[in-house]
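As you go down the protein sequences, you meet chains A, B and C in turn. Quick note, the first sequence lines up with residues 1 to 254 if you use our numbering. Quick note, the second sequence lines up with residues 1 to 102 if you use our numbering. Quick note, the third sequence lines up with residues 1 to 310 if you use our numbering.
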Amino acid sequence: MTEKPILPDTTESEDRTPEESRIAERRQLLMLGAAGLPMMLTLKASAREVLVSQLNCVVNFTSRLRILVDCDGKAWVGTRNIKYEDGKGFKVADITKFKDEATYSFPAGDVPNNWLPDTCPIEECSNDDDDDDDYDFDLESASTELDELMRTSLPAQADGIMLASKPKGKDDDDEDDDCDEDWIDSGYAFYELGKNTTITPADHLSGGSWSPQNNNKGLFITLSLIYESRHGETPGWPGISCIVSIVNYLGTQN
Amino acid sequence: MVAAPSLMEKTWTSDSGQFLAVEYDDTYLVYFKPSGDTHFLNFLSFGIVDAVSKTALSGTELHEKLKTDFSLTSSELPVALVTSTIGELDQAGLISSVDNSK
Amino acid sequence: MNTLARLGSYSRSDLRSALKQGTLTLHLGPFTHLVSGASNALLDFLSDTYRDYQVEMAPSDVTDVLLSLEAPNLLRRFVRRQITPNPGFKVPAVPLPIHMAPLAYEMGLNLSVALKCCRFINVHAGVVADDSGAIVMSAASGAGKSTLTAALLQHGYRLFSDEFALIGLDKPLLYPYPRPISLKQETISVVRDMVGDSWISETVTDTPKGDIAYYRARESDLAQDKTPTAAKLLLFPKFEKGARAMTHQLNPAEAIMRLVPASTNYSLLGEPAFHALTGLLKNIRAYEITYGSTTDSLRLVEQITGQKML
């Protein structure tokens with residue numbers, strides 16, 4: 001390997017006395033000042049002003065955005081519609097197409113239970129993990145805690161457009177046994193953010209921490225944060241630069 | 001330039017008890033207690049704060065004093081630069097106009 | 001049993017039980033940490049990477065950091081299990097799959113120290129020291145701070161901290177807090193080649209920060225974790241692929257203006273923090289160093305300190 005030159009520091013120069021150097025530097029500084037260079041810099045003690053400028057950003061949807069969520073907490077984000085009829089549920093072919101043509105998809109577990117379809121069956125999810133040892137010393141109390149979960153943690157719907165959900169059989173992705181029918185009335189929740197919807201991410205902060213509201217905008221914020229944590233400011237996700245600027249402001253995770 | 005004459009005509013002061021200043025090689029780091037802000041000042045901006053903390057001075061008097069203290073000519077230290085620096089310091093709260101407080 | 005001992009001297013079942021009951025107390029530098037979390041990934045991580053750290057199996061009289069790793073909700077405790085650090089106050093933490101417990105643990109400790117511990121002014125920086133004083137390295141994530149820290153450890157320096165420069169408020173001394181060095185992405189293999197495989201934890205893959213592994217602190221680093229020291233140099237390292245090695249000395253005031261935004265509690269502490277930072281820069285020089293390789297970075301440190309390393 002060839003050695004690269006190590007450059008000497010170049011802070012002192014020429015044959016001036018320190019006083020002469022100082023006067024010359026001052027004159028140069030004044031010339032820069034006359035040209036508009038500020039004569040002072042300020043670091044604000046309170047982050048509030050930074051907060052205001054960074055949190056003022058708004059995400060505006062120029063087209064409709066739809067989010068499909070299943071019982072495993074998977075999410076698909078796209079623009080297609082999924083037909084829904086009372087008493088019948090969602091059109092299976094539309095769900096399949098929506099998944100196939102989704103612009104983004106999020107793996108199982110990404111969507112918090114606030115936005116999962118309500119009354120997801122326990123048995124579908126309780127025996128498929130490959131890391132059963134974790135929390136193994138708590139499993140003796142699992143059944144009672146799960147009962148408690150069922151009583152208390154059913155997803156609230158708030159203003160999210162949650163259209164479906166009732167216990168269903170095991171969800172095997174797209175090739176579900178139940179999917180040979182034309183309509184499915186459970187196992188999915190579908191959210192829509194209309195064209196020209198605006199979201200102010202700062203509305204979903206509480207005390208300097210993220211606290212997404214329990215509605216369809218809150219789901220969008222949650223997915224945005226997951227997207228940001230995986231891809232940073234990679235363009236594509238609506239409003240990602242706004243989210244990133246706030247995350248950077250919060251900047252607590254190195 | 002309507003604002004310039006008025007800043008130069010006003011009388012300026014500063015309370016040295018309200019800030020902490022540390023000099024590093026002709027630059028100054030100043031902690032302003034009331035706001036909690038930290039400021040990076042050069043010899044000119046600190047020179048203004050320092051001067052008016054000792055005696056209240058009008059902008060015009062300040063200009064003359066700075067020229068004398070730093071051995072500068074009027075062309076080296078234009079009035080407009082003093083005016084804009086007074087404005088910056090005023091905004092930061094490091095100096096204030098006596099006229100305003102009356 | 002309430003005795004201070006190496007974590008590695010305890011049996012796995014003792015550690016598991018203490019973690020479950022929330023009685024595992026880690027003593028490190030100026031802080032005691034009470035840790036809980038029922039996760040095998042956490043247990044494995046602590047047993048390996050924290051084996052030489054001093055712990056006790058019962059809470060101390062005073063606890064600085066309280067960290068619980070827990071499922072974000074009941075569902076995620078059993079189904080597609082997730083984990084999130086709970087330092088006892090609200091933080092913007094995205095729940096992580098349970099196998100990322102080491103990351104959740106390290107993040108949780110960082111959050112706790114960064115946001116809650118105000119006995120020191122905390123600056124996001126790596127710190128190493130030898131008998132002549134400490135070198136503080138402040139840089140944004142990805143600028144090569146951890147690699148340079150690891151490299152200096154191979155050349156006579158001991159680890160003070162990879163994450164925080166803890167600066168005393170009464171005296172501008174640096175206090176050691178030698179947690180494992182967090183390595184990300186390609187840095188993992190660079191440091192692994194430098195220090196040997198046995199010093200690097202298992203890699204946690206596909207985390208929100210990419211692949212993460214930890215370089216274990218040495219017993220010699222931990223042995224002096226209660227001894228503060230004065231700073232001798234402040235560096236702002238900048239790794240750039242293919243860059244020529246360069247130094248640029250900074251005016252101390254400018255250096256402080258760079259340190260302030262890297263501090264998590266400067267604004268909160270106010271005047272004492274101003275005194276601490278100006279005190280820190282009183283007798284030391286500050287440089288921005290730019291380099292394209294670890295060897296170059298060490299040469300620059302050699303040049304600035306006048307101490308031969310290579």
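From the three backbone atoms N, C-alpha and C, an ideal C-beta is built for every residue, glycine too.
CB contact below 9 Å: residue i versus chain E
i	result
E76 of chain B	This model lacks chain E altogether; the protein chains it does include are A, B and C.
C-beta contact flag for residue i and residue j at 9 Å
i	j	result
V55 of chain C	H99 of chain C	no
T84 of chain C	L96 of chain C	yes
Y232 of chain C	I289 of chain C	The amino acid occupying residue 232 of chain C in the given sequence is Lys; Tyr does not appear at that position. Not a contact, by the Cβ cut-off of 9 Å.
P261 of chain C	L43 of chain A	yes
L183 of chain C	Y215 of chain C	yes
K373 of chain C	A41 of chain C	With chain C covering 1 to 310 only, the question about residue 373 of chain C has no answer from this structure.
N122 of chain C	F164 of chain C	yes
R66 of chain A	Y191 of chain A	yes
V58 of chain A	T198 of chain A	yes
L7 of chain C	Y50 of chain C	yes
A253 of chain C	F40 of chain B	yes
K171 of chain C	G22 of chain C	no
S132 of chain C	T247 of chain C	no
G118 of chain A	G73 of chain A	The residue you asked about is not Gly; residue 118 of chain A is Asp in the sequence shown. No.
R258 of chain C	S138 of chain C	yes
A102 of chain A	V77 of chain A	yes
T38 of chain B	I167 of chain C	no
Y287 of chain C	L310 of chain C	no
Q307 of chain C	D130 of chain C	yes
G239 of chain A	N60 of chain A	yes
S180 of chain C	E271 of chain C	In the sequence as presented, Ser is not what sits at residue 180 of chain C; that position holds Pro. Result no, Cβ atoms of P180 of chain C and E271 of chain C do not sit closer than 9 Å.
6 Å CB neighbourhood of residue i in its chain, flanking five on each side removed
i	result
A4 of chain B	Unreliable placement is indicated for A4 of chain B, whose pLDDT of 47 sits below 50; no coordinate value is reported for it.
F45 of chain C	P102
F43 of chain B	D26
V65 of chain C	F31, H33 and S112
A273 of chain C	I121 and Y266
W237 of chain A	Y227
Cut-off 8 Å between Cβ atoms - residues of its own chain near residue i, not counting five sequence neighbours on either side
i	result
Q154 of chain C	M194 and V195
I200 of chain C	L183, I188, V191, R192, A213, Y214, Y215 and R216
T73 of chain B	K67
E49 of chain A	Interpretation of E49 of chain A is limited by its pLDDT of 36, a score under 50 that renders its predicted location unreliable; no figure is taken from the coordinates.
A183 of chain A	Note on residue identity: the sequence assigns Trp, not Ala, to residue 183 of chain A. The answer, listed in chain order, is E85, K88, G89, F90, K91 and V92.
S63 of chain A	T79 and K195
L7 of chain B	G59, T83, I86, G87 and D90
T203 of chain C	I188, D211, I212 and A213
T63 of chain C	T25, T32, H33 and L34
E240 of chain C	T290, Y291 and G292
S141 of chain A	With a pLDDT of only 35 at S141 of chain A, under 50, the local geometry of the prediction cannot be trusted, and no value is derived from it.
D52 of chain C	R6, L7, G8, R216, A217, R218, E219 and L222
P107 of chain A	K74
For residue j and residue i, believed in contact at Cβ under 8 Å, the rounded distance
i	j	result
T147 of chain C	V128 of chain C	At roughly 12 Å, the Cβ-Cβ gap does not stay under 8 Å, so T147 of chain C and V128 of chain C are not in contact.
S220 of chain C	R158 of chain C	6 Å
S58 of chain B	K10 of chain B	7 Å
I95 of chain B	V49 of chain B	6 Å
C117 of chain C	L268 of chain C	That belief does not hold up - the Cβ atoms of C117 of chain C and L268 of chain C are roughly 11 Å apart, past 8 Å.
S35 of chain B	G93 of chain B	6 Å
L169 of chain C	F120 of chain C	7 Å
L152 of chain C	V301 of chain C	7 Å
Close Cβ partners of residue i (< 7 Å) along its chain, the five nearest in sequence each way excluded
i	result
S33 of chain A	The displayed chain sequence assigns Gly, not Ser, to residue 33 of chain A. The residues are M39.
D225 of chain C	L28, G29, P176 and P178
V35 of chain C	L19, L24, L26 and L67
T205 of chain C	D211
V79 of chain B	M8 and H63
Any non-hydrogen atom of the ligand PLP closer than 8 Å to residue i Cβ
i	result
K91 of chain A	In the structure on display, the ligand PLP does not appear, and there are no ligands present to speak of.
Ignoring anything shorter than 3 residues, give me the beta strand (DSSP E) runs that lie fully in the segment 5 to 37 of chain B, in order along the chain. DSSP runs (the beta strand (DSSP E)) wholly in the segment 5 to 37 of chain B: 11 to 13, 19 to 24 and 27 to 32.
Are there three or more Cβ pairs, one per stretch, closer than 8 Å when the segment 23 to 33 of chain A is compared with the segment 9 to 22 of chain B? no
Three or more C-beta pairs closer than 8 Å, one from the segment 57 to 67 of chain B and one from the segment 3 to 22 of chain C: is that the case here? no
Quick check for students: name the residue ranges of the alpha helix (DSSP H) that lie wholly in the segment 185 to 227 of chain C, counting only runs of 4 or more. Taking 4 residues as the minimum length, the alpha helix (DSSP H) runs contained wholly in the segment 185 to 227 of chain C are 187 to 195 and 219 to 223, in order along the chain.
With three or more beta-carbon pairs closer than 8 Å as the criterion, would you say the segment 94 to 101 of chain A touches the segment 193 to 207 of chain A? no
Beta strand (DSSP E) runs wholly inside the segment 98 to 183 of chain C, at least 3 long, in chain order: 120 to 124, 126 to 130, 133 to 137, 158 to 161, 164 to 168 and 173 to 175
Quick check on the DSSP output: what are the complete alpha helix (DSSP H) runs of length 4 or more inside the segment 61 to 132 of chain A, in order along the chain? Taken in chain order, the unbroken stretches of alpha helix (DSSP H) that lie wholly in the segment 61 to 132 of chain A and span 4 residues or more are 92 to 100.
Which whole runs of the alpha helix (DSSP H) in the segment 22 to 49 of chain A are 4 residues long or more, in chain order? none
To test your reading of the DSSP string, which unbroken beta strand (DSSP E) runs of 3 or more residues are found completely within the segment 6 to 45 of chain C? Segments of the beta strand (DSSP E) lying fully in the segment 6 to 45 of chain C: 24 to 28 and 31 to 37.
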